[in-house]
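Colleague: Numbering (the working numbering), first residue to last: 793 to 1588. Even for Gly, the Cβ is constructed at its ideal location relative to N, Cα and C.
#1: For residue 1455 and residue 1437, I'd like the C-alpha separation in whole angstroms.
#2: Using alpha carbons as the reference points, say which of 976, 1406, 1127 lies closest to residue 766.
#3: Report the CB separation of residue 1078 from residue 1046 in whole angstroms; it is logged as a contact under 8 Å.
#4: For residue 808, which option in 1244, 1067, 877, 866 has the closest C-alpha, if you only look at C-alpha atoms?
#5: Apart from the five residues on each side of it in sequence, which residues of its chain come closer than 6 Å, Cβ to Cβ, to residue 1518?
#6: Roughly how far, in whole angstroms, is the beta-carbon of residue 1291 from the beta-carbon of residue 1246, given that I think they are within contact range, below 8 Å?
#7: Name the residue from 1411, 1161, 968 whose alpha carbon lies nearest to the alpha carbon of residue 1233.
#8: Using only the heavy atoms of the ligand ATP, determine whether one of them is closer than 8 Å to the beta carbon of residue 1162.
#9: Using DSSP's beta-bridge definition, name the partner residues of residue 1227.
#10: Buried or exposed: where does residue 959 fall if 16 or more other Cβ atoms within 10 Å of its Cβ makes it buried?
#11: Taking the C-alpha atoms as reference points, what is the distance between residue 1387 and residue 1294?
#12: Spell out a yes or no on whether the region 1306-1319 and the region 1277-1284 are touching, meaning 3 or more CB-CB pairs, one atom from each, closer than 8 Å.
#13: May I ask you to list the residues that DSSP assigns as paired with residue 1334?
#14: So residue 1479 and residue 1367 are in contact, right, with Cβ under 8 Å, and what is the actual spacing, rounded?
#15: Per DSSP, which one or two residues make a beta bridge with residue 1037?
#16: Residue 804: which of 892, 1144, 1284, 1001 sits nearest, CA to CA?
#17: Are the beta-carbon atoms of residue 1185 and residue 1383 separated by less than 9 Å?
#18: Using the beta-carbon count (16 or more within 10 Å), is residue 1055 buried or exposed?
#19: Which word fits residue 824, buried or exposed, when buried means at least 16 other C-beta atoms lie within 10 angstroms of its C-beta?
#20: Quick one: is residue 1421 buried, meaning 16 or more other Cβ sit within 10 Å of its Cβ, or exposed?
#21: If I measure Cβ to Cβ from residue 1049 and keep anything under 6 Å in the same chain, skipping five residues before and after, which residues do I get?
#22: Based on the DSSP secondary-structure assignment, which residues constitute the bridge partners of residue 981?
#23: Could you check the C-alpha separation between residue 1513 and residue 868 for me, to the nearest Å?
#24: I need the straight-line Cα distance from residue 1105 to residue 1163, nearest angstrom please.
#25: So, helix, strand or coil for residue 1583, using DSSP?
#26: Taking C-alpha atoms, which residue in 1140, 1099, 1509 lies nearest to residue 856?
#27: Please classify residue 1150 as buried or exposed, where buried requires at least 16 neighbouring CB atoms within 10 angstroms.
#28: Can residue 839 and residue 956 be called in contact, C-beta distance under 9 Å?
#29: Tell me which residues share the same chain as residue 822 and place their Cβ nearer than 8 Å to its Cβ, disregarding the 5 neighbours each side in the sequence.
#30: Consult DSSP for residue 1467 and reduce its assignment to one of helix, strand or coil.
#31: Expressed to the nearest angstrom, what Euclidean distance is found between the alpha-carbon atoms of residue 1266 and residue 1356?
#32: Using the Cα positions of residue 1178 and residue 806, report the straight-line distance between them to the nearest angstrom.
#33: Could you check what DSSP says for residue 865 in three-state terms: helix, strand or coil?
#34: Thinking just about the alpha-carbon of each residue, which of 914, 1067, 1469 is nearest to the one in residue 1021?
#35: Leaving aside the five residues before and after residue 945 along the sequence, list all residues of the same chain whose C-beta is less than 6 Å from its C-beta, in chain order.
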């Protein structure tokens, strides 16, 4: 260990400033700020303390502006304190920590104003997205339009308990497949989780797993004080004792302090001459500082560990730390949710050398403020200023499809992408598709055949090379535009999240399109929510969907995904029935992904379309007859807004059938049958229950605020039918998706859909079983009201 340099001295000062400011921020929120709700605010002091040295060494000695970091959720206070220290975050944001308008509990790209690269909070996901961000960085760098600056490192600061999350291991395997590079995962190995101490020997399992997937593992166990002590006579015995000490014992001794450390060490190692003298040469505070000087709590040691990595191979740093390090709650098994009391904070404040009234002062306790400010101004990572990039919007070419025959929406999707692949538009060049081992069965095959699969190193399709016939022409190349994934839906959505942030992270816009079997959206739902929370932009295609996928059985037949589409913030959900609807929606979606506007909603729909977002398309493999060529403005706008009249109701309408998706033929057949006895039957084609509902609720809010003229798209559509008309809602999914339509204008509603697991059979079998066929619709209507006297509905 070299003697302390000015840089090392300043790093230690940064560490102490961040330690104090982060803990004072939490203390203020819990003990000083008025509590409107009378409940604990929280803030994770102990988890912040264990990470403070790591974060200091990383940001103030190792990072470059092109590097990106996912910060451990519970270290959020340290991250915010860092930006306050650097002058990029105002004091009032810290004072209102976890309050309305203050810094968030966990770093957020969309809610915080400081320079957050990746939102974190759902543990494990922030870690894994760094690997997929690196893959996207490689993807962009390989393209002729890229012109990217130097490659950055994608870095995750993670707690050891995050290794319990299964998505971590799915990510590790996927990274190995794609020759992952430029990724660091830094594990805060404090060996304490929310409920207790982790199992002994976890470190060895961590090393074995990462090594198996080709990572370099750097174990950072001993700090500078410990390494110096080990070099003294008897130091080897002290090191052996530390290595053999159980995690729980080490934590308990840390909490109890120097005198107890001394008693235990003398009991175990006393009367051995040299090691006894090593212990006795230190006061109780010095002995405690020595025993708690683990590698991850030594800023100089961490800085050296980072500086030693000069290659681009993925690297895992296993940094041993003390949870609650350097605070009165260090080591206590309850400290995850615990907080320092007012008395503890007062004593600790004196220990930290912070004068009363100077608690928020960035330079409080700094010996030479001018020199320290000069150091901060020279830190490379912050010198470039804000690192949130942008890219210009790509023009969207017309999206059309000729559909004069039976075709499914999944087939239409594949044909539209194939047409784009044939062309040479800038938009097509920026499309990147991905799928979790269902590329060929979700409509992406033609696109991949034309645009190839991405790999940093070219690899030919051996079947093609040997002239073996196959529909899949799978050549891997740097110019490829499809990223093939294994069967892990969490990885799919994390890759879409990374690709959907490419314009902000790397300054180059991508148009990510992912496909997955619709029921398995639920498998990756946490990662989908995480992607939307970050405001990543992508299209996710769930196909096939519903019991319409009849032969596959209940495990592959989705029911609740339309409700997921409605409830997921940041995601506009559509379920078109016809190919021309899909073409209109996709053309709109390619532009919608690129919007970043602000301001009031569009008063025509009361939707905030100018803010943009991601898009979910629920498609089907069932070919149905197409309605013929339609290009009128009302149809095109209605398909985007969420609904249009496929069969307009007459002035004496008694029944309206509102359907969504693949059940369109059943709705039209039922309307024809009902029209024989009932007047002016209407058919409402719903393309997006999500957008209809969002517009309706937004218009209600506008009226509540005094805008009495506010009216949504669905309100205007349903205003055309008499109040005593009956409304039948129909879809291959949960009936709650459309049942709310009756509340819009007070129409009596018959909601039809699927509420229970399906089974194998034909489409007709299952439609009859669940009562979503034309016969069921007619019977339901006739069971409520009578039609023309003496009339009996014929069989469909």
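Modeller: This is what the structure holds:
#1: 16 Å
#2: With the chain covering 793 to 1588 only, the question about residue 766 has no answer from this structure.
#3: Not really, about 15 Å apart at Cβ, beyond 8 Å.
#4: 877
#5: 1447, 1540
#6: That pair is no contact at about 11 Å.
#7: 1411
#8: As for the ligand ATP, it is missing from this structure, which has no ligand bound.
#9: 1276
#10: buried
#11: 14 Å
#12: yes
#13: 1308, 1410
#14: 7 Å
#15: BP columns for residue 1037 are empty, so no partner.
#16: 1144
#17: yes
#18: exposed
#19: exposed
#20: exposed
#21: 1080
#22: 1112
#23: 54 Å
#24: 36 Å
#25: Bear in mind that a pLDDT of 47 at residue 1583, under 50, signals an unreliable position, so the model cannot answer this.
#26: 1099
#27: exposed
#28: no
#29: 832, 833, 834, 835, 1131
#30: coil
#31: 33 Å
#32: 20 Å
#33: helix
#34: 1067
#35: 859, 974, 976
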